[in-house]
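Peer 1:
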Amino acid sequence: MLINGWKIYFLKRLFGQQRQVLRAEVKRLKATLPPEDYVHHPTVKLYAAIMQAIKEKIPADPFASHFALTGPLKKFGRVKKMGIPNRYRLFFRVFKVPESQSIFILWLGYPRKEGDKKDCYRAFRKMVERGDFPTSLDELILESEQG
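Position in the sequence shown (from 1) plus 1077 gives the number in the numbering used here.
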């Protein structure tokens, strides 16, 4: 997927799998629900909001301050709100080098504990510290699929 000069990639083993599961559920809902129930279903709304973030909001300005993380996560960005239900966070990494502009959608995080809005940040930080995400552009491309 190429949007606003940015190549969009999905990390296969994390977000790629999450997206496949969501997309399959949305297709199942479309086949089984009446149209008026389908468009209002929370899973359908979540999937639509995620895809809008990926196709419109992030590529418009991936370095915008409202995406920025700090501290050990400063190389990463995240989408919160912007149509995505409040408890979800979409984490990504951006590379802008002379030969390529790439956005890697890494993981859709959500709090594991009721009312703990910071839980997904702790989980993401642990994933980063464990090395779950490749650090170089070439490694990310190898472990990703183009959107």
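Glycine is no exception: its CB is placed at the ideal position from the N, C-alpha and C atoms.
What are the boundary residues of the beta strand (DSSP E) that includes phenylalanine 1181?
Peer 2: Residues 1177–1186.
Peer 1: How many whole angstroms separate the CB atoms of valine 1171 and glycine 1148, which I take to be in contact at a CB cut-off of 8 Å?
Peer 2: No, valine 1171 and glycine 1148 are not in contact; Cβ-Cβ is about 17 Å, not under 8 Å.
Peer 1: CB leucine 1183 to CB leucine 1088, shorter than 9 Å?
Peer 2: Taking 9 Å as the Cβ cut-off, leucine 1183 and leucine 1088 qualify as a contacting pair.
Peer 1: Go through its chain and collect everything with a Cβ distance to leucine 1106's Cβ below 8 Å, but skip five positions before and after it.
Peer 2: Tyr1115, His1118, Thr1120, Val1121
Peer 1: Between the C-alpha atoms of valine 1156 and proline 1111, what's the straight-line distance to the nearest angstrom?
Peer 2: 31 Å
Peer 1: Considering only the beta carbon of each residue, do phenylalanine 1140 and phenylalanine 1168 sit closer than 9 Å?
Peer 2: Annotated as distal: phenylalanine 1140 and phenylalanine 1168, with beta-carbon spacing of 9 Å or more.
Peer 1: Helix, strand or coil for lysine 1151? Go by DSSP, reduced to three states.
Peer 2: coil
Peer 1: Work out the CA separation of glutamate 1113 and glutamate 1216 for me, nearest whole Å.
Peer 2: 43 Å
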